[in-house]
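Student: I have a structure I would like to understand better, so I am pasting it below and will then ask my questions one at a time.
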């Protein structure tokens with residue numbers, strides 16, 4: 001990688017971290033204005049983990065993100081418009097208003113929809129990886145969970161199964177200190193969650209989750225391990241949930257000094273300081289990026305607000321998929337419309353989770 | 001051509017679908033080297049190899065969850081529960097992950113979950129389950145239970161080819177029952193999901209049933225014909241979801257009396273929904289109360305005298321049918 005390429009990459013990472021934060025800040029505003037009717041879960045402080053982890057992936061790889069992983073979604077090309085349509089429960093949202101939040105996915109672009117039962121996505125990640133292995137692909141699955149989900153049976157079953165089957169899965173644990181109000185000391189009795197890896201016979205590493213370059217290095221090593229056919233790997237990213245579990249949670253159970261300590265380690269500010277020291281982030285460049293972030297967020301909100309609500313007459317629709325041939329995702333003709341899983345057969349249109357070309361955010 | 005058992009019919013269905021479609025594969029506990037606890041998949045490992053006949057750890061959540069992930073990728077996994085009782089260990093993967101997937105995301109989920117259900121084999125409270133009502137109540141999953149070898153094969157093939165989660169319940173008492181042996185067509189066939197079949201025609205009452213109880217009802221109907229001169233119609237539902245409302249209603253309109261028989265417990269069972277459907281839609285046609293024969297509202301017991309008292313059998317069915325006939 002040349003110096004110029006490296007500079008572009010670093011600024012792209014910075015852009016995604018800023019976009020993630022800005023999308024969530026705007027989502028919070030919408031919630032406080034009463035325009036989002038359901039729960040809102042944000043991830044201030046997680047941006048280095050979510051963006052850094054997803055930046056290690058390639059085309060054909062798959063993410064299995066959870067509720068605080070907007071950064072992963074955005075890096076992998078999920079549309080900010082689609083995200084805002086989800087928050088505002090619009091009829092043209094990826095879930096057509098059936099579900100909210102980041103519960104969205106599109107297998108053709110490697111995003112598995114999550115459910116609210118945290119940890120349950122990890123066995124599903126194993127199944128996606130199983131197919132990659134069967135099809136002799138060199139792709140990987142990156143599956144995340146929080147510290148809370150590591151206490152579920154699904155977490156343990158998934159790690160064990162992935163290891164026994166030598167599946168190309170990278171498990172990223174975002175240890176943010178709390179599962180709702182429950183601190184890690186009440187959740188597990190080991191020093192670091194990366195130690196779980198030892199029990200399942202896979203490499204495990206614990207990394208500063210607020211240092212985006214350190215996250216990329218650690219997750220990158222795990223991804224390389226999985227991609228080489230050696231089986232799964234685990235990375236614990238140590239970060240902190242500086243806000244509540246949801247925006248309705250004041251999180252007054254968190255000692256103020258602890259929160260202050262982590263706020264001082266804000267991953268975006270740290271990365272800005274690094275970029276500035278490297279001479280990569282001039283004041284002008286920063287203004288450009290902020291303007292672009294703002295325009296993407298404004299566009300997403302405007303698009304969502306102009307979008308229609310779902311039609312109540314459709315309330316009992318879409319329970320079962322229609323008959324017809326199913327393509328194996330990732331094979332050359334998998335998006336041929338003759339396949340039932342090529343298009344979103346609920347609407348007869350392409351899946352709307354991913355960014356349209358005109359709103360692509362992959363270039364600065 | 002040789003007559004095959006219900007179990008062999010299941011085995012044939014999986015084998016033929018795996019030969020026909022490379023996206024079909026089987027995973028579960030002891031399904032490979034051992035050939036399955038009941039030998040449904042005996043010889044599969046040799047024919048299809050370990051990537052398509054996967055011996056898993058004892059992890060129902062991983063089995064069903066992995067099947068969901070593979071189905072998201074467009075594969076057609078068959079997840080075996082060694083006993084259907086153990087499906088509870090993977091419940092969340094079914095009711096929250098699988099059942100809501102297409103509805104939420106538009107991504108079809110062609111997935112079969114199958115395993116031995118039902119009692120009569122001294123299996124006790126953890127190896128005798130009839131879990132259909134949980135899933136019958138849950139939108140987004142189809143539920144089928146064959147009563148004959150022909151249906152066992154045809155329904156399973158239809159389930160494998162379906163683009164949705166299907167729970168395929170095999171009644172283990174029927175697996176090797178000699179009287180269920182039958183010659184199956186040599187050509188490919190399916191039994192479509194959502195189609196009931198009238199096993200015995202009659203004009204005095206309709207028995208609505210499925211699974212092993214079909215055979216109990218047929219025996220009861222024969223006895224009622226011989227001893228009471230009653231012509232009892234026996235409808236084998238075959239599919240609970242989708243439910244063949246048309247066949248049910250057409251039969252009851254002709255017979256005007258209905259007895260619902262299932263092996264599952266009474267309260268909140270499939271029969272309750274059938275009764276509600278008939279009460280709502282065919283009230284004017286009914287010449288007697290909608291009656292039910294089911295297991296008592298207690299867990300499935302182990303000791304033979306308790307098991308005998310628990311399982312609906314010909315004697316109880318005949319007794320209740322006579323009460324109904326008296327109206």
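Chains as they are written, first to last, in UniProt numbering: chain A, 1 to 364; chain B, 1 to 327.
All C-beta atoms in this analysis are idealised placements derived from N, C-alpha and C, irrespective of residue type, glycine included.
#1: For residue 215 of chain A versus residue 49 of chain A, is the C-beta spacing smaller than 7 angstroms?
#2: Can you list the residues of chain B that residue 244 of chain A reaches, using a CB-CB cut of under 7 angstroms?
#3: When you compare the CB of residue 344 of chain A with every CB in chain B, is at least one pair closer than 7 angstroms?
#4: Which residues in the same chain have their Cβ closer than 7 angstroms to the Cβ of residue 350 of chain A, if we skip the five residues on either side of it in sequence?
#5: Please go through the same chain and pick out, in chain order, the residues whose beta-carbon is closer than 7 angstroms to the beta-carbon of residue 132 of chain B, but skip the five residues on each side of it.
#6: Please state the DSSP three-state secondary structure of residue 305 of chain B.
#7: The stretch 98-113 of chain A: which residues have C-beta closer than 9 angstroms to a C-beta of chain B, in chain order?
#8: Taking C-beta pairs closer than 7 angstroms, name the residues in chain B that residue 190 of chain A reaches, listed in chain order.
#9: Residue 200 of chain B and residue 218 of chain B - do their beta-carbons sit closer together than 7 angstroms?
#10: Can you grab the Cα-Cα spacing for the pair residue 9 of chain A / residue 62 of chain A, in whole Å?
#11: Strictly under 7 angstroms for the Cβ-Cβ distance: is residue 11 of chain B near chain A by that measure?
#12: Taking only the alpha-carbon atoms, compute the straight-line gap between residue 5 of chain A and residue 185 of chain A and give it to the nearest angstrom.
#13: Can you find a C-beta in chain B that's less than 7 angstroms from the C-beta of residue 214 of chain A?
#14: With distance defined between alpha-carbon atoms, name the residue in A/230, A/282, A/339 nearest to residue 323 of chain A.
#15: For residue 126 of chain B, which beta-bridge partners are listed by DSSP?
#16: Let me check one thing: in DSSP terms, what residues is residue 80 of chain B bridge-paired to?
#17: Along chain A, in chain order, which residues have C-beta atoms closer than 8 angstroms to that of residue 68 of chain B?
#18: Go through its chain and collect everything with a Cβ distance to residue 90 of chain A's Cβ below 7 angstroms, but skip five positions before and after it.
#19: Taking contact to mean at least 3 C-beta pairs separated by less than 8 angstroms, is the stretch 68-77 of chain B in contact with the stretch 39-46 of chain B?
#20: Once the 5 residues before and after residue 16 of chain B are set aside, which same chain residues still bring their CB inside 8 angstroms of it?
#21: Measure the alpha-carbon distance for residue 125 of chain B versus residue 142 of chain A and round it to whole angstroms.
#22: Under 7 angstroms, Cβ to Cβ, is there at least one residue of chain A near residue 21 of chain B?
#23: What would DSSP say about residue 163 of chain A, mapped onto helix, strand or coil?
#24: Does the stretch 132-149 of chain A come close enough to the stretch 83-90 of chain B to have 3 or more Cβ pairs within less than 8 angstroms?
#25: What in chain B is Cβ-close to residue 134 of chain A, meaning under 7 angstroms?
#26: Return the residues of the stretch 318-330 of chain A that lie within a Cβ-Cβ distance of less than 8 angstroms from chain B, sorted by chain order.
#27: Starting from the beta carbon of residue 153 of chain A, find every residue of chain B whose beta carbon is closer than 9 angstroms, and list them in chain order.
#28: Is residue 160 of chain A close to chain B, meaning its C-beta is less than 7 angstroms from at least one C-beta of that chain?
#29: Taking 7 angstroms as the threshold (beta carbon to beta carbon), is residue 361 of chain A in contact with chain B?
#30: List the residues of chain A that residue 92 of chain B touches, going by C-beta distances under 7 angstroms, in chain order.
#31: Reducing DSSP to helix, strand and coil, say where residue 203 of chain B ends up.
#32: Near residue 130 of chain A, which residues of its chain fall below 8 angstroms by C-beta distance, leaving aside the five closest residues on each side in sequence?
#33: Using 10 angstroms around the beta-carbon of residue 112 of chain B, count the other beta-carbons present and answer buried if the total reaches 16, otherwise exposed.
#34: At 4 residues or longer, and completely inside the stretch 136-207 of chain A: list those alpha helix (DSSP H) runs for me, N to C.
#35: Kindly say whether residue 223 of chain A, judged by its beta-carbon, lies nearer than 7 angstroms to any beta-carbon of chain B.
#36: Note down, in chain order, all residues in the stretch 93-111 of chain B with a beta-carbon under 9 angstroms from any beta-carbon belonging to chain A.
Tutor: A quick look at the data gives this:
#1: The Cβ atoms of residue 215 of chain A and residue 49 of chain A lie closer than 7 angstroms to each other.
#2: Those do not exist, as residue 244 of chain A stays about 24 angstroms from chain B at its closest Cβ, beyond 7 angstroms.
#3: Output row for residue 344 of chain A: interface = yes.
#4: These residues qualify, in order along the chain: 343, 344.
#5: Counting only Cβ-Cβ distances below 7 angstroms, and skipping sequence neighbours, we find 143, 145, 169, 240, 264, 270.
#6: The answer is helix: DSSP assigns residue 305 of chain B an H, G or I state.
#7: So the close ones are 98, 99, 103, 104, 105, 106, 107, 112, 113.
#8: Simply none; closest approach about 22 angstroms.
#9: In contact: residue 218 of chain B and residue 200 of chain B (Cβ atoms closer than 7 angstroms).
#10: If you draw a straight line from the Cα of residue 9 of chain A to the Cα of residue 62 of chain A, it is about 21 angstroms long.
#11: Chain A has no Cβ within less than 7 angstroms of the Cβ of residue 11 of chain B.
#12: The alpha-carbon atoms of residue 5 of chain A and residue 185 of chain A are separated by roughly 43 angstroms.
#13: So no, residue 214 of chain A is outside the interface.
#14: Looking at the Cα atoms, A/339 is the closest of the given residues.
#15: Beta-bridge partners of residue 126 of chain B (DSSP): none assigned.
#16: Residue 80 of chain B pairs with B/28, B/114.
#17: By Cβ distance, chain A contributes 123, 124, 127.
#18: Excluding residues within five positions, the ones whose Cβ falls inside 7 angstroms are 97, 304, 307, 308, 309.
#19: A contact is defined here as three or more CB-CB pairs under 8 angstroms, and the stretch 68-77 of chain B fails this definition with respect to the stretch 39-46 of chain B.
#20: Answer for residue 16 of chain B: 157, 188, listed in chain order.
#21: In this model, residue 125 of chain B and residue 142 of chain A are separated by some 40 angstroms (Cα to Cα).
#22: Not flagged as an interface residue toward chain A: residue 21 of chain B, since no C-beta distance is shorter than 7 angstroms.
#23: Residue 163 of chain A falls in the helix class under three-state DSSP.
#24: The stretch 132-149 of chain A vs the stretch 83-90 of chain B: no contact.
#25: Within chain B, the residues near residue 134 of chain A are 51.
#26: Listed in sequence order: 318, 319, 320, 321, 322, 323, 324, 326, 327, 328, 329, 330.
#27: Proximity of chain B to residue 153 of chain A at the Cβ level (cut-off 9 angstroms) is accounted for by 59, 61, 89, in chain order.
#28: Residue-level contact check: residue 160 of chain A touches chain B, since one or more beta carbons of chain B fall below 7 angstroms from its beta carbon.
#29: Because the pLDDT at residue 361 of chain A is just 37, under 50, the model does not fix this residue reliably, and the point stays unresolved.
#30: Within chain A, the residues near residue 92 of chain B are 117, 120.
#31: Coil, per DSSP.
#32: Only 165, 167 meet the Cβ criterion.
#33: Per the 10 Å Cβ criterion, buried.
#34: Fully enclosed alpha helix (DSSP H) runs of no fewer than 4 residues occupy 153-164, 196-200 of the stretch 136-207 of chain A, in order along the chain.
#35: It does not; no Cβ of chain B falls within 7 angstroms.
#36: So the close ones are 93, 96, 97, 99, 100, 101, 102, 103, 104, 105, 106, 107, 108, 109, 110.
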